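S.K.: Got a structure for you, questions after.
There are 2 protein chains.
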Amino acid sequence: MKKALILVTNDDGVMAPGIRNLVKFMLELGEVVVVAPDKPQSGMGHAVTITNPLRLEKITVEGGHDEYSCSGTPVDCVKLAVNRVLKRKPDLLVSGINHGANSSISVIYSGTMSAAIEGAMESIPSIGFSLLDYRFDADFTQAKKYIQQLASNVLEHGLPKGICLNVNIPAVKKTEIKGLRVCRQARGNWEEEFDFRKDPRGKDYYWLTGRFALHENSNETDEWALANQYISVVPTQFDFTAHDLIPEIKKWQFDAE
Amino acid sequence: MKKALILVTNDDGVMAPGIRNLVKFMLELGEVVVVAPDKPQSGMGHAVTITNPLRLEKITVEGGHDEYSCSGTPVDCVKLAVNRVLKRKPDLLVSGINHGANSSISVIYSGTMSAAIEGAMESIPSIGFSLLDYRFDADFTQAKKYIQQLASNVLEHGLPKGICLNVNIPAVKKTEIKGLRVCRQARGNWEEEFDFRKDPRGKDYYWLTGRFALHENSNETDEWALANQYISVVPTQFDFTAHDLIPEIKKWQFDAE
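Chains as they are written, first to last, in our numbering: chain A, 6 to 262; chain B, 6 to 262.
Below is the structure:
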């Protein structure tokens, strides 16, 4: 059997511990190529770089596989990898392991998930992994087995066109993980508070801060899974259409004048 | 009746002709407050600024209404407007008029639509407007009547929580517009080609280019509407869950070990 070709990227930057762990896990499953941002790109959503040129630098971190550092966003990394770096379409794209959660509504702000969604848009079976631990020295190994099994399942079963997986891992010990829950994105949002300050020159500025507010208690959601020490797995797609609302809006009155 | 409070933003920057036109159209419908990026933010997707401070400057462009220029992304503008600028939740958020299309898959890359989606996430009835004309001197007036009628309809009917409208306008004369089509996001993607160059110092760089590829011929889509000189109206939401796939993935085999 031909060795699986696995593209690895992230949004915390190519040297972040999360991606270094993910590269190691994937090297046990196939041939790995890394194309990841040269600096942190958290919160970049599905941003692409269209008004600036992109740099792509071959780097050597460890081992014999190919690695590239890119000046752009996670989505830029995927596009460049597919168009300029890889000789063929990869069998799997994995993004992460993110330092911090990308559950519920955070999926839309997430650079980690934007890379996985871009993979799905390019018909590459893709998974985004996030660990609910922001610390630089977070333990990324507790879910190694699950991460590898998810990757193996996707390599074996594929994923329907346009769908990727959003996988979040609770920050608990390996023995405390209760298993996987396939679930849906919880309804919730970020309630912002802008920290208002003055700079040394006396000019105003703001820092975005905030806290996540969960709007439901269903046990069918990723937030429930994570709060109960399960790894959450949400099949994720990029059709933004609110299909149910189309007939309703068709009833609105317009006159062409 | 209390005058409607309308928040206006965009992704082409506060001085772009598209937003200047939109502000004029909205001033005829209610009280307007503008909070928009201080520079172009095209292709920023749902990016937020979390590792840098944000600047917000009161500016005067024309008329007596309040306008603010913000150093951040379109999503930052919405968050700052709601949390720091506006005295109450606006009755309507309008974003645009974008210079260029945001139909089909472009919705996910669009700064214009990210602002409208963020509005929906904050339970503000929101609409993103885009004109299929990239030129600085594009004519933004041909769809004035439709834009005002859509805004009036949303002010009157509201929109269900979490849903906004993605409105694209064909670049044709006013008399050639056939009307509105409520439709869905077409299946399609961007096929990239990276233009490879060398800078004056001999170092490699890439420019992202590409062309849109439509993957279907249905007349239920925004692409069909626009190609046939209709204004497309897509109800747009931010639940990324591929609900239909949940039962399928639940069948996959995992051993907890």
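We treat Cβ as the ideally placed atom computed from N, Cα and C, and that holds for glycine.
Predicted model, so just to flag it, every value in this text is computed and none were measured.
#1: Candidates A/88, A/53, A/161: which alpha carbon is nearest residue 116 of chain A's?
#2: If residue 148 of chain A sits next to residue 24 of chain A, beta carbons under 8 angstroms apart, how far is it from one beta carbon to the other, in whole angstroms?
#3: Which residues, taken in chain order from the region 32–60 of chain B, show a beta carbon closer than 8 angstroms to some beta carbon of chain A?
#4: Please report the distance separating the alpha-carbon of residue 201 of chain A from that of residue 51 of chain B.
#5: With 8 angstroms as the threshold, decide whether the Cβ of residue 107 of chain B is near any Cβ in chain A.
#6: Tell me whether the region 121–135 of chain B and the region 156–171 of chain B touch, counting them as touching only if at least three CB pairs, one residue from each stretch, are closer than 8 angstroms.
#7: Going by other Cβ atoms of all chains shown within 10 Å of its Cβ, with 16 needed for buried, is residue 216 of chain A buried or exposed?
#8: Can residue 126 of chain A and residue 167 of chain A be called in contact, C-beta distance under 8 angstroms?
#9: At a CB-CB cut-off below 8 angstroms, which residues of chain A make contact with residue 246 of chain B?
#10: Can you check the region 107–139 of chain B for any beta strand (DSSP E) of at least 3 residues that lies completely inside it and give the ranges in chain order?
#11: Determine the contact status of residue 22 of chain A and residue 143 of chain A, defining contact as a CB-CB distance below 8 angstroms.
#12: Please work out which residues of its chain come closer than 6 angstroms, Cβ to Cβ, to residue 4 of chain B, disregarding the five sequence neighbours upstream and downstream, and give them in chain order.
#13: Under 8 angstroms by Cβ, that's how I've got residue 28 of chain A and residue 39 of chain A pegged, so tell me the actual separation to the nearest angstrom.
#14: I'd like to know if the region 57–71 of chain A and the region 96–105 of chain A are in contact, where contact means that at least 3 CB-CB pairs between them fall below 8 angstroms.
#15: For the alpha helix (DSSP H) that contains residue 72 of chain B, what are its first and last residues?
#16: Please report the Cβ distance between residue 15 of chain A and residue 79 of chain A, rounded to the nearest whole angstrom; I am assuming they are in contact, meaning their Cβ atoms lie under 8 angstroms.
#17: Could you list the residues in the region 93–118 of chain B with a C-beta less than 7 angstroms from some C-beta on chain A, going in chain order?
#18: Does the Cβ of residue 152 of chain A lie closer than 7 angstroms to at least one heavy atom of the ligand FAD?
#19: Does residue 81 of chain B come within less than 8 angstroms of chain A when only Cβ atoms are used?
#20: Contact between the region 211–225 of chain B and the region 187–194 of chain B is defined here as three or more beta-carbon pairs at a separation below 8 angstroms; is this criterion met?
#21: Considering residue 144 of chain A, what are the terminal residues of the alpha helix (DSSP H) in which it resides?
#22: Starting from residue 13 of chain A and walking both ways along the beta strand (DSSP E), at which residues does that stretch end?
#23: By DSSP's criteria, residue 57 of chain B is part of a beta bridge. Which residues make up the other side?
#24: So for residue 208 of chain B, helix, strand or coil by DSSP?
M.R.: The answer reads as follows:
#1: A/53
#2: About 15 angstroms separates the two Cβ atoms, so there is no contact after all.
#3: 45, 47, 48, 49, 50, 51, 52, 53, 54, 55, 56, 58, 59, 60
#4: 23 angstroms
#5: no
#6: yes
#7: exposed
#8: yes
#9: 189, 190, 239, 240, 241, 242
#10: 131–136
#11: yes
#12: The question about residue 4 of chain B has no answer here: the residues shown for chain B are numbered 6 through 262.
#13: 6 angstroms
#14: no
#15: Here residue 72 of chain B belongs to no alpha helix (DSSP H); instead the beta strand (DSSP E) covers 71–75.
#16: 7 angstroms
#17: 110, 112, 113, 114
#18: In the structure shown, the ligand FAD is absent, as is every other ligand, since no ligand is present at all.
#19: yes
#20: yes
#21: Premise fails: residue 144 of chain A is in no alpha helix (DSSP H) and is neither H nor E.
#22: 10–14
#23: According to DSSP, residue 57 of chain B bridges with nothing at all.
#24: coil
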